[in-house]
Structures are given as structure tokens and as C-alpha cells.
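Take a look at the structure below.
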């Protein structure tokens, strides 16, 4: 038989932990500190390591360029997981190398193609991926021209002669 206690269950209080909001919301003061132009100067999206991608994602989120959902997806780098070599690495045959630079715009292009092909019912996921790719392409130092446009060569012709500009005044 349980021993009786002087304390009542009605007075029991559970611990309550409140998450600090500054971790989950962007600080408006940081927007001026981290403009997209300043962020783009600090990172080369065509050659960035997974470790640095986490920092880039945090800067973009803090400056208000990414939503929380987009930040979560962009900052998740599986190669930083301690069991990568025995899980994903075992399937792909490649060991973790979180300091090797990669072209993340190309990675996200392939990811978008995959999601359009295989997750056609998940419009929210496709839109999120498209927005992340658009942002990475904006940051990219040398945006890639689509292959269809790179094959088109402008016709060689003589320079266009424009009529002289004249200003007429009316009184």
C-alpha cells in the first residue's frame, strides 16, 4: 500500500521552459547589418562547404530573407551528422566531407527537378525549394545562363544609327 504524503497532487507544478524568441524570429535590427548584397560578398554559393552553408542560412534568416521553414531546410546538412558514414554515406558510397566546397545552386537545381518529378502533389515543398533556389541564384556571383539561351548568338550587324536628339522648346 502506498505511503500517504502531505503534498497534494493539486499543487504539483511541472517545469515550464520558454524558448527564447530571439532564436526563432528575425531581429529587425540585423536587416540593415546583413543586407543581401553584404551577405553575397561574404559567400561564394558556387563553392561553399556544408559548414559554411549553415552560416549563410543563419545570416539569411537573421536578415529576414528566409522564413523559418526555409532556414530549417537550407541549414540541415546531413554530412555533419555523426552517423553519416554508416547511414547515408553507406548508401551513396561516399564518406562525409563537410569541409569540401560544393556548388549549392546546382545541388538545389537538381533537388527542385527531383521534387517536381516525384513530389508533384506537394506544391508547398516545390514552392519552398523554388524560393530557396531563387535566393541562392541571386547571391550567386556569376548566374548561370540556361543552356537554351547560351546557344543563341546575337546576329552580327553594323551598329544601329540613331537619329540625333533635338530638343524643341515651346513658348
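In our numbering, the protein residues as written are -12 to 158.
From the three backbone atoms N, C-alpha and C, an ideal C-beta is built for every residue, glycine too.
Since the model is a prediction, treat every value here as computed from it, not as a measurement.
Minimum C-alpha distance to residue i - residue among the options
| i | options | result |
| --- | --- | --- |
| residue 62 | 43, 35 and 24 | 43 |
| residue 35 | 94, 23 and 111 | 94 |
| residue 85 | 108, 69, 56 and 55 | 69 |
| residue 37 | 122, 55 and 92 | 92 |
| residue 90 | 118, 77, 123 and 81 | 123 |
Beta-ladder partner(s) of residue i, from DSSP
| i | result |
| --- | --- |
| residue 35 | 89 |
Whole-angstrom distance between residue j and residue i, CA atom to CA atom
| i | j | result |
| --- | --- | --- |
| residue 83 | residue 125 | 28 angstroms |
| residue 72 | residue 39 | 20 angstroms |
| residue 48 | residue 113 | 19 angstroms |
| residue 11 | residue 104 | The predicted position of residue 11 is uncertain, since its pLDDT is 44 and thus under 50; a value taken from the coordinates is nonetheless stated next. When rounded, the distance between both Cα atoms is 32 angstroms. |
| residue 106 | residue 100 | 10 angstroms |
| residue 28 | residue 50 | 15 angstroms |
| residue 33 | residue 88 | 8 angstroms |
| residue 120 | residue 110 | 15 angstroms |
| residue 59 | residue 65 | 12 angstroms |
| residue 67 | residue 23 | 26 angstroms |
| residue 79 | residue 30 | 28 angstroms |
| residue 97 | residue 53 | 20 angstroms |
| residue 55 | residue 108 | 22 angstroms |
| residue 41 | residue 77 | 24 angstroms |
| residue 7 | residue 118 | Confidence at residue 7 is low in this model, with a pLDDT of 44, below 50, so the placement of that residue should be treated as unreliable; the coordinate-derived value is given next. Rounded to the nearest angstrom, the two C-alpha atoms are 27 angstroms apart. |
| residue 57 | residue 81 | 27 angstroms |
Cβ separation of residue i and residue j, assumed to be a contact under 8 angstroms, to the nearest whole Å
| i | j | result |
| --- | --- | --- |
| residue 116 | residue 102 | 6 angstroms |
| residue 75 | residue 46 | Rounded, the Cβ-Cβ distance is 26 angstroms, inconsistent with contact. |
Counting only runs of 4+ residues fully inside the segment 94 to 127, write out the alpha helix (DSSP H) ranges in chain order.
110 to 126
Sequence ranges, alpha helix (DSSP H) only - wholly within the segment 40 to 80, length at least 4
55 to 62 and 75 to 79
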